[in-house]
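The first sequence begins at 478 in the numbering used here and counts up by one.
The beta-carbon is built from N, C-alpha and C at its ideal position, and this holds for glycine as well.
Notes follow once the structure below has been shown.
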Amino acid sequence: MKRELTPDQLRDFRKRLLDWYRRHRRILPWRRTRDPYAIWVSEVMLQQTQVKTVIPYYRRFLGRFPDLAALAHAPLQEVLKVWEGLGYYTRVRNLHRAAQRLVRENGGALPAAYEQWKQLPGVGEYIAAAISSIAFQQPCAVVDGNVKRVLSRLFLCDEPVNRSPSSGVFGSLADQLLDRDKPGDHNQAMMELGATVCRPRRPLCPRCPVRGYCRAFREGVQGRYPVRLARTALPEVSVAVGVVHREGRVLITQRREKGLLGGLWEFPGGKIQPNESPAQACRREIHEEVGLVVEVGTRIARIKHAYSHFKVMLQVFSCRYLRGKVRLKGPVNFQWVWPEELENYPFPAANRKFLPLIQQSWERFFGPDDGPGGDE
DNA sequence: AATACGGGGAC
DNA sequence: GTCCCAGTATT
């Protein structure tokens with residue numbers, strides 16, 4: 478892999494890229510501000526998440542938490558509620574923690590230097606380079622999925638882009654190309670090129686401002702780059718979930734902060750074991766997780782959902798509370814809520830899919846009265 | 001060096 | 001269905 482460009486070539490490459498960017502960049506909400514806090518929020522949201530998905534979340538988040546202090550002083554549950562549906566919830570917990578730390582230890586000021594950013598929770602090499610270059614004009618090259626794809630094609634680089642971490646070749650290539658006079662625009666131009674021209678499939682090479690430097694284009698092998706390691710198939714699990722009704726309210730539980738869907742609320746349930754019916758699993762799991770004895774009624778939904786490392790089939794049942802007092806094993810909190818109140822809690826997307834079915838299914842099968850009472 | 005961590009857009 | 005997205009933390 479030949480990858481050295483002459484100083485003249487580098488100058489020309491940077492100019493072509495920057496001219497193209499200034500003419501063709503998309504107007505995006507976080508490109509209309511110079512507020513480092515706002516740019517930070519956008520970078521956190523954009524991790525592994527497409528621009529189109531982020532835009533409405535970005536607007537809502539900044540409307541609700543317009544500055545660092547507003548975020549730092551908000552309860553985590555409120556922050557999670559605004560993040561609900563965006564995924565990778567550790568991102569927002571880290572953002573919240575970082576905001577609190579900066580308010581407490583740094584007078585609410587944001588750092589300018591890469592090394593300072595890097596020390597904040599949730600800020601890795603990419604975000605540290607992105608913010609310090611875009612908001613503070615520091616000469617740090619970013620390497621994200623777009624940049625790796627562009628570099629992979631430019632230099633016919635055989636390093637797999639999805640290996641962790643990708644050895645460092647992409648970092649040194651990006652660093653070589655970086656325009657140290659305009660690092661922020663240069664970085665955004667590289668990413669924009671990857672997003673809109675040097676796309677994963679069917680790249681628009683005729684529109685590429687630097688195709689003259691692209692070895693993949695010259696050799697007509699754009700389709701074979703970037704090189705990517707094959708991924709293994711996602712395992713599948715079946716889960717039974719119960720909506721436990723009692724006197725018109727339903728039981729929800731909160732997941733612990735660490736791990737999958739940390740801090741979110743959900744309906745109790747768990748894995749269906751071999752030789753067990755979904756309804757049996759539902760009753761057993763509710764007894765194990767929250768200590769209640771319930772009557773499992775009708776199945777109100779079957780939900781297929783894919784997470785990043787496995788797939789689930791959720792079988793959701795309406796349940797009638799019979800007896801027992803809530804004793805949690807697993808969840809860290811619980812609440813009996815009226816159906817109208819469900820909107821106030823952050824739920825995983827898979828749970829949100831059946832929220833509208835809860836009230837009507839209960840009334841259809843058990844009548845519109847108060848539901849079962851209890852001896853608690 | 002691998003794995004955990006969401007959800008959805010685009011095909 | 002599949003691929004992959006402005007990655008980071010943990011093990």
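For S795 versus G768, is the C-beta distance shorter than 8 Å? Residue 795 sits at position 318 when you count from the first residue of the first sequence. Residue 768 sits at position 291 when you count from the first residue of the first sequence. Cβ atoms of S795 and G768: not closer than 8 Å.
Every unbroken beta strand (DSSP E) within the region 780 to 819, with a cutoff of 3 residues, ordered by chain: Taken in chain order, the complete beta strand (DSSP E) segments of 3 or more residues contained in the region 780 to 819 are 788 to 800 and 810 to 814.
Within its chain, find whatever has a CB closer than 7 Å to the CB of V674; leave out the 5 residues flanking it on each side and keep chain order. The residue given as residue 674 occupies position 197 in the first sequence. Excluding residues within five positions, the ones whose Cβ falls inside 7 Å are P680, L681, R684 and C685.
Pop quiz: I611 and N664 are said to be a contact at Cβ under 8 Å. What is the actual Cβ separation, rounded to whole angstroms? Reading the first sequence from its first residue, position 134 is the one you call residue 611. Reading the first sequence from its first residue, position 187 is the one you call residue 664. Indeed, because the Cβ distance is near 7 Å, the residues count as touching under 8 Å.
Does DSSP put P766 in a helix, in a strand, or in coil? Counted from its first residue, the first sequence places residue 766 at position 289. Note that residue 766 is Glu in the sequence shown here, rather than Pro. It is helical.
When DSSP builds the beta bridges, which residues end up paired with V455? Here the chain has residues from 478 to 853 only, and residue 455 is not among them.
From what residue to what residue does the beta strand (DSSP E) around A551 run? As a first step, residue 551 must be located in the first sequence, where it is residue number 74. No beta strand (DSSP E) holds A551; DSSP gives it neither H nor E.
At which residue ranges does the region 688 to 723 contain complete beta strand (DSSP E) runs of 3 or more residues, listed in the order of the chain? 713 to 723
Taking contact to mean 3 or more Cβ pairs, one atom from each stretch, closer than 8 Å, check whether the region 546 to 562 and the region 814 to 832 are in contact. yes
Three CB pairs or more closer than 8 Å across the region 697 to 709 and the region 786 to 804: no
Could you spell out where the alpha helix (DSSP H) holding V518 opens and where it closes? Looking up residue 518 in the first sequence gives position 41. In the DSSP assignment, V518 falls within the alpha helix (DSSP H) that extends over P513 to M522.
Judging by CA-CA distance, which residue of R480, I608 and Y603 is the nearest neighbour of A590? Counting from one through the first sequence, the residue named residue 590 turns up at place 113. The candidate whose alpha carbon is nearest that of A590 is I608.
DSSP three-state call for T526: helix, strand or coil? Numbered from its first residue, the first sequence carries residue 526 at position 49. Three-state result, T526: coil.
So who's on the other strand from W742, going by DSSP bridges? To locate residue 742, count along the first sequence from 1; it is residue 265. W742 is bridged by DSSP to Q731.
Taking contact to mean 3 or more Cβ pairs, one atom from each stretch, closer than 8 Å, check whether the region 747 to 758 and the region 712 to 722 are in contact. Below 8 Å, enough C-beta pairs join the region 747 to 758 and the region 712 to 722 to call them touching: three or more.
Look at the Cβ atom of R733, then the Cβ atom of V809, and state whether they are nearer than 8 Å. Within the first sequence, residue 733 is the residue found at index 256, counting from 1. Within the first sequence, residue 809 is the residue found at index 332, counting from 1. Contact: yes.
Beta strand (DSSP E) runs contained entirely in the region 651 to 695, provided each spans 3 or more residues: none
Contact check, G747 vs E766, beta carbons under 8 Å: Translated into the one-based positions of the first sequence, residue 747 becomes position 270. Translated into the one-based positions of the first sequence, residue 766 becomes position 289. A contact, by the Cβ cut-off of 8 Å.
Do R630 and A693 have their beta-carbon atoms positioned less than 8 Å apart in this structure? Position 216 of the first sequence, counting from 1, holds the residue named residue 693. Position 153 of the first sequence, counting from 1, holds the residue named residue 630. Yes.
Look at the Cβ atom of E762, then the Cβ atom of P745, and state whether they are nearer than 8 Å. As a first step, residue 762 must be located in the first sequence, where it is residue number 285. As a first step, residue 745 must be located in the first sequence, where it is residue number 268. Contact flag set, yes.
Spatial neighbours of F843 in its chain, beta-carbon cut-off 8 Å, leaving aside the 5 residues before and after: Counted from its first residue, the first sequence places residue 843 at position 366. The residues are H722, G774, S795 and R797.
Could you work out which residue in Y498, G562 and L494 is closest to R829 when comparing CA atoms only? Walking along the first sequence from the start, residue 829 turns up at place 352. Among Y498, G562 and L494, the Cα nearest to that of R829 belongs to G562.
Between G850 and E840, what straight-line distance do the alpha-carbon atoms span, to the nearest angstrom? As a working mapping, residue 850 is identified with position 373 in the first sequence. As a working mapping, residue 840 is identified with position 363 in the first sequence. Only weak support is given to the placement of G850: the predicted model assigns it a pLDDT of 49, under 50, and the value that follows is read from those uncertain coordinates. Going from the Cα of G850 to the Cα of E840 covers about 15 Å.
So, for V619: in the same chain, excluding its five sequence neighbours on each side, which residues have a beta-carbon less than 8 Å away from its beta-carbon? Residue mapping note: residue 619 aligns to position 142 of the first sequence, counting from 1. Cβ within range, chain order: Y603, A606, A607, S610, A651, N664, M667 and M668.
Pairwise C-alpha distance: V521 and V580: One-based indexing of the first sequence puts residue 580 at position 103. One-based indexing of the first sequence puts residue 521 at position 44. Our two residues, V580 and V521, have alpha carbons roughly 19 Å apart in a direct line.
According to DSSP, is V771 helix, strand or coil? Against the first sequence, residue 771 aligns to sequence position 294. Looking at V771 - three-state DSSP - the assignment turns out to be strand.
How many angstroms separate the CA atom of L505 from the CA atom of Q593? The residue given as residue 505 occupies position 28 in the first sequence. The residue given as residue 593 occupies position 116 in the first sequence. In a straight line, the C-alpha of L505 is about 27 Å away from that of Q593.
Length of the line joining the Cα atoms of D852 and G801: Start at 1 with the first residue of the first sequence, and residue 852 comes out as number 375. Start at 1 with the first residue of the first sequence, and residue 801 comes out as number 324. At D852, the pLDDT of 43 sits below 50, so the modelled position is not reliable and the matter cannot be decided from this model.
Would you decide whether L711 is buried or exposed? Buried here means 16 or more other CB atoms lie within 10 Å of its CB. Looking up residue 711 in the first sequence gives position 234. With fewer than 16 Cβ atoms within 10 Å of its Cβ, L711 is classed as exposed.
So W764 packs on A827, CB below 8 Å; how close in whole Å? Looking up residue 764 in the first sequence gives position 287. Looking up residue 827 in the first sequence gives position 350. Here the sequence assigns His to residue 764, which means Trp is not the residue at that position. About 22 Å; that fails the 8 Å criterion.
Go to K830, then tell me how far its alpha helix (DSSP H) extends in each direction, as first and last residue. If you number the first sequence from 1, residue 830 lands on position 353. Premise fails: K830 is in no alpha helix (DSSP H) and is neither H nor E.
Hey, N623 and L706: beta-carbon distance below 8 Å or not? Position 146 of the first sequence, counted from the start, is the residue given in the question as residue 623. Position 229 of the first sequence, counted from the start, is the residue given in the question as residue 706. Using a Cβ distance threshold of 8 Å, N623 and L706 do not count as a contacting pair.
In terms of DSSP beta bridges, what is G747 paired with? Translated into the one-based positions of the first sequence, residue 747 becomes position 270. For G747, which the question treats as bridged, DSSP gives the partners A717.
Report yes if the C-beta distance between L741 and Y566 is below 8 Å; otherwise report no. Your numbering for residue 741 matches position 264 in the first sequence. Your numbering for residue 566 matches position 89 in the first sequence. In terms of Cβ geometry, L741 and Y566 form a close pair [threshold 8 Å].
Any idea which residues DSSP pairs A575 with across the strands? Translated into positions along the first sequence, residue 575 becomes position 98. Its beta-bridge partners do not exist; DSSP assigns none.
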